[in-house]
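Comments concern the structure below.
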Amino acid sequence: MNVHVKYRVGKSRLIQACIVMLAFLITIPLFAIIVYIFKEGITKINWTFLTKIPKPVGETGGGIVNALVGSLSLVLVASIIAIPISILCGIYLSENKTSRLSYWSRLAVDVLQGVPSIVVGIVVYFWIVKPLGTFSAFSGSIALAIMMLPIMIRSTEETLKMIPSSLKEAGLALGLPYHKVILKVILPCGVSGILSGILLSIARVAGETAPLLFTAFGNPFLNTNMLKPMQSLPLIIFNYATSPYDDWHDLAWGAALVLLFIVLSLNIITKLITKRWNVQL
Amino acid sequence: MDAGINKSSRRSHKQIRMEVAFRRMLMMIAIVMVILVLGIMLTLTIESIPSIKSLGIKYLWGKTWDPVNNVYGAYPFLIGTLLTSFLALIISIPFSFAIAIYLGEYNSKGWLSNFLKNTVELIAAVPSVIYGFWGLIVLVPLVRELEMKFNVLPYGIGIFTSSIILAIMIIPYAASMGREVIKMVPSNLKEGAYSLGATRYEVIKNIILPYTKSGLFAGILLSLGRALGETMAVTMVIGNTSLLPTSIFSPGNTMASVIANEFTEADHTVYLSALIELGLVLFVVTVIINVIGKSIIKRFAND
Numbered sequence: 002m003n004v005h006v007k008y009r010v011g012k013s014r015l016i017q018a019c020i021v022m023l024a025f026l027i028t029i030p031l032f033a034i035i036v037y038i039f040k041e042g043i044t045k046i047n048w049t050f051l052t053k054i055p056k057p058v059g060e061t062g063g064g065i066v067n068a069l070v071g072s073l074s075l076v077l078v079a080s081i082i083a084i085p086i087s088i089l090c091g092i093y094l095s096e097n098k099t100s101r102l103s104y105w106s107r108l109a110v111d112v113l114q115g116v117p118s119i120v121v122g123i124v125v126y127f128w129i130v131k132p133l134g135t136f137s138a139f140s141g142s143i144a145l146a147i148m149m150l151p152i153m154i155r156s157t158e159e160t161l162k163m164i165p166s167s168l169k170e171a172g173l174a175l176g177l178p179y180h181k182v183i184l185k186v187i188l189p190c191g192v193s194g195i196l197s198g199i200l201l202s203i204a205r206v207a208g209e210t211a212p213l214l215f216t217a218f219g220n221p222f223l224n225t226n227m228l229k230p231m232q233s234l235p236l237i238i239f240n241y242a243t244s245p246y247d248d249w250h251d252l253a254w255g256a257a258l259v260l261l262f263i264v265l266s267l268n269i270i271t272k273l274i275t276k277r278w279n280v281q282l
Numbered sequence: 652m653d654a655g656i657n658k659s660s661r662r663s664h665k666q667i668r669m670e671v672a673f674r675r676m677l678m679m680i681a682i683v684m685v686i687l688v689l690g691i692m693l694t695l696t697i698e699s700i701p702s703i704k705s706l707g708i709k710y711l712w713g714k715t716w717d718p719v720n721n722v723y724g725a726y727p728f729l730i731g732t733l734l735t736s737f738l739a740l741i742i743s744i745p746f747s748f749a750i751a752i753y754l755g756e757y758n759s760k761g762w763l764s765n766f767l768k769n770t771v772e773l774i775a776a777v778p779s780v781i782y783g784f785w786g787l788i789v790l791v792p793l794v795r796e797l798e799m800k801f802n803v804l805p806y807g808i809g810i811f812t813s814s815i816i817l818a819i820m821i822i823p824y825a826a827s828m829g830r831e832v833i834k835m836v837p838s839n840l841k842e843g844a845y846s847l848g849a850t851r852y853e854v855i856k857n858i859i860l861p862y863t864k865s866g867l868f869a870g871i872l873l874s875l876g877r878a879l880g881e882t883m884a885v886t887m888v889i890g891n892t893s894l895l896p897t898s899i900f901s902p903g904n905t906m907a908s909v910i911a912n913e914f915t916e917a918d919h920t921v922y923l924s925a926l927i928e929l930g931l932v933l934f935v936v937t938v939i940i941n942v943i944g945k946s947i948i949k950r951f952a953n954d
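So the sequences go chain by chain: A and B.
Numbering-wise (the working numbering), the first sequence opens with residue 2 and increments by one.
Numbering-wise (the working numbering), the second sequence opens with residue 652 and increments by one.
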């Protein structure tokens, strides 16, 4: 009997040790990637790297300012398009929990979240690039905006759902019109949750490459015209990493470090916000 | 006095109109979301009609993909996609379940579990192009050495390498879903088992796993959906050949990577349309998988 109990306890301990070990193995690839990219990238980053455009193959030096400016404008325009739409849609879904439209709308958001990013690229190509006749930064922003919608809508909906209905009722009872109750009472209460949703979706699309392949397309020169092709950080990494030239690999490492830094900082900032205000996402 | 009443009633009239307009706008945005998804579906279908018309259903079984001679068969890419995704799933499941059990049951509070939780979230945050780049430079030479030991052609790039990268990328999805459902196991069930003298392993095996079966399955489905649609990391390390893969070490192509590579080069209607049909298949499959996964989770959370 005693032997049997010992055997069971021993087995339990052994399996616990295995599970703990397996669980913590996941930290290896993350730190391997961060350390490797930091090591390769940090030596390439200097003032020229951040302020010059790439040099042609064979010439050393050059930088990625076109990709930095491009990524910034692409994400900025995408946010301007996506933020109002997703906040309004989130309000609708949290206010109308059981209506038929909200069922279909919620299903649409679920579907949108699962759409592979390359498919978004194809669709936007046919919606915008083909009618306009040229690859453009604007079409890239639309593609990114479509990728941002589901994340932001979900976080807005979840945040607003948790705000007690007594607040809304108090506002309405005082005679405030509905839109003022929503915009001036409910939204300010949920601002931290909505903000973290916005940051999270920006972090997600800042690293997206696939939807930009057939839309923003890439551009070796500095461009600020939204109707022309534009470079972005993920695109420059993809193009230069798969090229056979060492100079371009160097640029790609530097760009990878910059992108990784931006994306991870955005995630950590979001983490701090959710912790500070106790938001559930 | 009169003027004051008039003014305030005019103002409240205006407020009511604003209120109605606001409600309408909310509703319209909700409709726009539905239209957006229908539009995506419609565009993909319409644009793949030329290929559906000229190639028919045998498109999916055709074994050769040769755009130069106008022969299009998607079979190598279907196989490539299924092989990479399922291999990635098999590699990732032990890790994601271990993380889920650790965070959900063994140690759900404290700095160590917080550290692991944040690590998993950051794994999900790293852009796929960075995984691809790292895989290309670091993982490919390692796999090449492994292949030399196994006496297979040492390509380095290929299905196996992509599966490893994919596995790392999808672990967070199944892990965080698994953690959520394991936390939902009622503690009286677990306490009952403990009070009968069950060990921790026995509680996990006989109480937690049976109770969370459907939730864990949904987590696997969601990560499968991710793996099927993942483009950039796979494109960079799979080797991009349209030949039918002969083993898990041979180079290949997935549906998403073919689209990424050839879409801007497609110079005639049927070629382009054949690529879009791949996108349509990908869209339909991932949507079905995601919707099933989410509905399982919803039912689990409601029970």
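Where a beta carbon is used, it is the ideal one built from N, C-alpha and C, also for glycine.
With Met-669 of chain B and Pro-178 of chain A assumed to form a contact (beta carbons below 8 Å), what rounded beta-carbon distance in angstroms separates them?
6 Å
Cβ-based neighbour list, Gln-114 of chain A, same chain, cut-off 7 Å, excluding 5 preceding and 5 following:
Pro-151
Thinking C-alpha only, which one of A:Ile-16, A:Ser-166, A:Phe-139 and A:Leu-267 is nearest Ile-187 of chain A?
A:Ser-166
Of all the options A:Ser-142, A:Thr-243, A:Tyr-104 and A:Ile-43, which has the alpha carbon lying nearest to the alpha carbon of Gly-122 of chain A?
A:Ser-142
Using 10 angstroms around the beta-carbon of Met-149 of chain A, count the other beta-carbons present and answer buried if the total reaches 16, otherwise exposed.
buried
Would you grab the beta carbon distance between Ser-72 of chain A and Ser-202 of chain A for me? Rounded to a whole angstrom, and I think it's under 8 Å.
Not quite, the Cβ-Cβ distance comes to about 15 Å (not below 8 Å), so this is no contact.
Are the Cβ atoms of Val-116 of chain A and Val-942 of chain B separated by less than 8 Å?
no
CA-to-CA distance, Thr-920 of chain B to Gly-42 of chain A, given in whole angstroms
42 Å
Could you tell me the alpha carbon to alpha carbon distance between Ile-741 of chain B and Val-935 of chain B, rounded to whole angstroms?
23 Å
Between Val-909 of chain B and Ile-927 of chain B, what straight-line distance do the alpha-carbon atoms span, to the nearest angstrom?
10 Å
Cα-Cα, which of B:Ser-660, B:Pro-718 and B:Arg-674 is closest to Ala-917 of chain B?
B:Pro-718
Round the Cβ separation of Ile-238 of chain A and Phe-784 of chain B to the nearest angstrom and send it over; I've been treating them as touching at under 8 Å.
6 Å
Suppose you measure from the CA of Gly-866 of chain B to the CA of Ile-16 of chain A; what does that come to, to the nearest Å?
22 Å
Of the choices A:Ser-87, A:Ala-138, A:Gly-62 and A:Ile-46, whose alpha-carbon is the least far from that of Ile-679 of chain B?
In the sequence on display, residue 679 of chain B carries Met and not Ile. Looking at the Cα atoms, A:Ser-87 is the closest of the given residues.
Flag this pair as touching only if the segment 745-760 of chain B and the segment 826-834 of chain B have three or more C-beta atom pairs under 8 Å; answer yes or no.
yes
As assigned by DSSP and simplified to three states, the class of Gly-122 of chain A:
helix
Identify the continuous alpha helix (DSSP H) that holds Gln-232 of chain A and give its terminal residues.
Counting along the chain, Gln-232 of chain A falls outside any alpha helix (DSSP H), and DSSP gives it neither H nor E.
To test your reading of the DSSP string, which unbroken alpha helix (DSSP H) runs of 4 or more residues are found completely within the segment 844-872 of chain B?
851-854
Taking DSSP as the reference, what is the three-state secondary structure of Val-58 of chain A?
coil
Between Pro-778 of chain B and chain A, is the shortest Cβ-Cβ distance under 8 Å, so that the two count as touching?
yes
Any Cβ of chain A within less than 8 Å of the Cβ of Pro-861 of chain B?
no
CA-CA distance, Ile-20 of chain A and Lys-704 of chain B?
53 Å
Nearest candidate by alpha-carbon position, reference Pro-837 of chain B, set B:Leu-860, B:Leu-894 and B:Pro-745:
B:Leu-860
Assuming Gly-880 of chain B and Ala-907 of chain B are in contact, meaning their beta carbons sit under 8 Å apart, how far apart are those beta carbons, in whole angstroms?
6 Å
For Asp-717 of chain B, name the three-state secondary structure that DSSP assigns.
strand
Looking only at its chain, what residues have a beta carbon closer than 7 Å to the beta carbon of Val-206 of chain A, apart from the 5 residues adjacent to it on each side?
Val-76, Ala-79, Leu-145, Met-148 and Met-149
Under 8 Å, Cβ to Cβ, is there at least one residue of chain A near Trp-716 of chain B?
no
Compare the C-alpha of Ile-686 of chain B against each of A:Ile-34, A:Ser-106 and A:Leu-184 and name the closest.
A:Ser-106
Taking three-plus beta-carbon pairs below 8 Å as touching, is the segment 707-716 of chain B in contact with the segment 783-797 of chain B?
no
Compare the Cα-Cα distances from Gly-870 of chain B to each of B:Phe-748, B:Ser-893, B:Leu-763 and B:Thr-812 and report the closest residue.
B:Phe-748
Kindly indicate if chain A contains any beta-carbon less than 8 Å away from that of Arg-950 of chain B.
no
For Glu-756 of chain B, count neighbouring C-beta atoms within 10 Å of its own C-beta (all shown protein chains included) and say buried if the count is 16 or more, exposed if not.
buried
Cβ of Phe-728 of chain B within 8 Å of any chain A Cβ:
no
Does Lys-276 of chain A get closer than 8 Å to chain B when you measure Cβ to Cβ?
no
Closest by CA to Ile-84 of chain A, which one among A:Thr-225, A:Lys-162, A:Arg-155 and A:Pro-221?
A:Arg-155
Can we count Val-921 of chain B as close to the ligand ZN, meaning its CB is less than 7 Å from some heavy atom?
This structure lacks the ligand ZN; in fact it carries no ligand of any kind.
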